[in-house]
Amino acid sequence: MSAPPPTGPLVTRGTLGEQLRELGVQSGETLLVHSSLSSLGWVCGGPVAVVQGLLDALGPDGTLVVPSQSGDLSDPAVWSNPPVPEEWWEAIRATMPAYYPLVTPTRGVGVIPETVRTWPGALRSAHPQTSFAAVGPRAAEVLDGHALDCRLGERSPLARLEALHARVLLLGAGYDACTGFHLAEYRIPTPLVKVGRPGPAGWEVVTEVSISSDRFDELGHDFERDRPVVRGKVGAADARLFPLADAVAYAERWLGIHRPRAEEM
Numbered sequence: 000m001s002a003p004p005p006t007g008p009l010v011t012r013g014t015l016g017e018q019l020r021e022l023g024v025q026s027g028e029t030l031l032v033h034s035s036l037s038s039l040g041w042v043c044g045g046p047v048a049v050v051q052g053l054l055d056a057l058g059p060d061g062t063l064v065v066p067s068q069s070g071d072l073s074d075p076a077v078w079s080n081p082p083v084p085e086e087w088w089e090a091i092r093a094t095m096p097a098y099y100p101l102v103t104p105t106r107g108v109g110v111i112p113e114t115v116r117t118w119p120g121a122l123r124s125a126h127p128q129t130s131f132a133a134v135g136p137r138a139a140e141v142l143d144g145h146a147l148d149c150r151l152g153e154r155s156p157l158a159r160l161e162a163l164h165a166r167v168l169l170l171g172a173g174y175d176a177c178t179g180f181h182l183a184e185y186r187i188p189t190p191l192v193k194v195g196r197p198g199p200a201g202w203e204v205v206t207e208v209s210i211s212s213d214r215f216d217e218l219g220h221d222f223e224r225d226r227p228v229v230r231g232k233v234g235a236a237d238a239r240l241f242p243l244a245d246a247v248a249y250a251e252r253w254l255g256i257h258r259p260r261a262e263e264m
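Following this line, the structure appears as structure tokens:
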């Protein structure tokens, strides 16, 4: 049985660049993008065309940043999607490959970030679980110094992006994917947790701030209600564009009231 024809719309590199500029993406800016390829419609060229369209809109002086997380480099005891048998845990901890920025694939962030990660000239930050990748003249400035015991806090690319007045583009992604909200968790009273992962010398455990995207969809709804957020369409996708600093400041207040104790991710 043959597959049904695509419903569209037909999306190309050119239409993406044009619609991103119409939305308000500016040449030369630094942009943190959370994305969903499937939300865009039928994209001629797939994720490569999307990255090309983003880079076209940003121009040669702009910098594209994406989450390039590898959350599977973690303790199998906390895996739930899917879980693995407890009798495997020690063997997994003993044999899991350590993080290597050039090789370790992304997980759970979609095919567009994986395409950016492998783009010519792309850089990637050092954290083994919550790295970011970037292409553009400010890539090193954003990514350098990502502390190994700071997933998404003051010594992560998020704080650098905030200082650089970067904006966030949600391209078919919801607020539950907005990593910027996590920076706010580091600025309110938040529990610490032990995080296991493979390291260069074997299995290691570090102390980290507990992070969770619990209720980020509600937070995003209220943020969009109370603060200026540019909304539009890119292909078939709902797109939202806003300053990262605004989102972090709003989330810091909101989380302190509505979710005073973050749960472990």
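Here numbering that gives the first Met the number 0 is used: position 43 in the sequence shown is 42, and no number is missing along the way. Just so you know, even glycine gets a beta-carbon here, dropped at the ideal spot from N, CA and C.
Who does residue i pair with in a DSSP beta bridge?
i	result
E207	V192
V64	L31, A133
P242	R166
R106	S69
D237	K232
V10	V42
R123	A132
G219	Answer is none; G219 lacks a bridge partner.
P197	W202
For a quick check, are the C-beta atoms of residue i and residue j less than 7 angstroms apart?
i	j	result
V208	G195	no
D245	F215	no
V108	P66	yes
L240	G23	yes
L182	L157	yes
Given a threshold of 16 other Cβ atoms within 10 Å of its Cβ, counted over all protein chains shown, does residue i qualify as buried or as exposed?
i	result
G16	buried
S69	buried
H257	exposed
L101	exposed
Y267	With the chain running from 0 to 264 in the structure shown, residue 267 is simply not present.
Residue i: which of the options sits nearest, CA to CA?
i	options	result
L9	A2, S38, L30	S38
H164	P46, G27, D71	G27
A48	G152, E140, G234, E153	G234
K232	P75, L19, G13, G52	L19
E217	F180, S130, T206, A56	F180
D237	A172, E251, L191, Q51	A172
C43	T14, V134, T206	T14
V134	Q25, L31, T11, G255	L31
L72	L160, G219, A93, P119	A93
For the segment 38–96, list the alpha helix (DSSP H) runs that are entirely contained and at least 4 residues long, ordered along the chain.
For the alpha helix (DSSP H) assignment, the uninterrupted runs of no fewer than 4 residues enclosed by the segment 38–96 are, from N- to C-terminal side, 45–57, 88–94.
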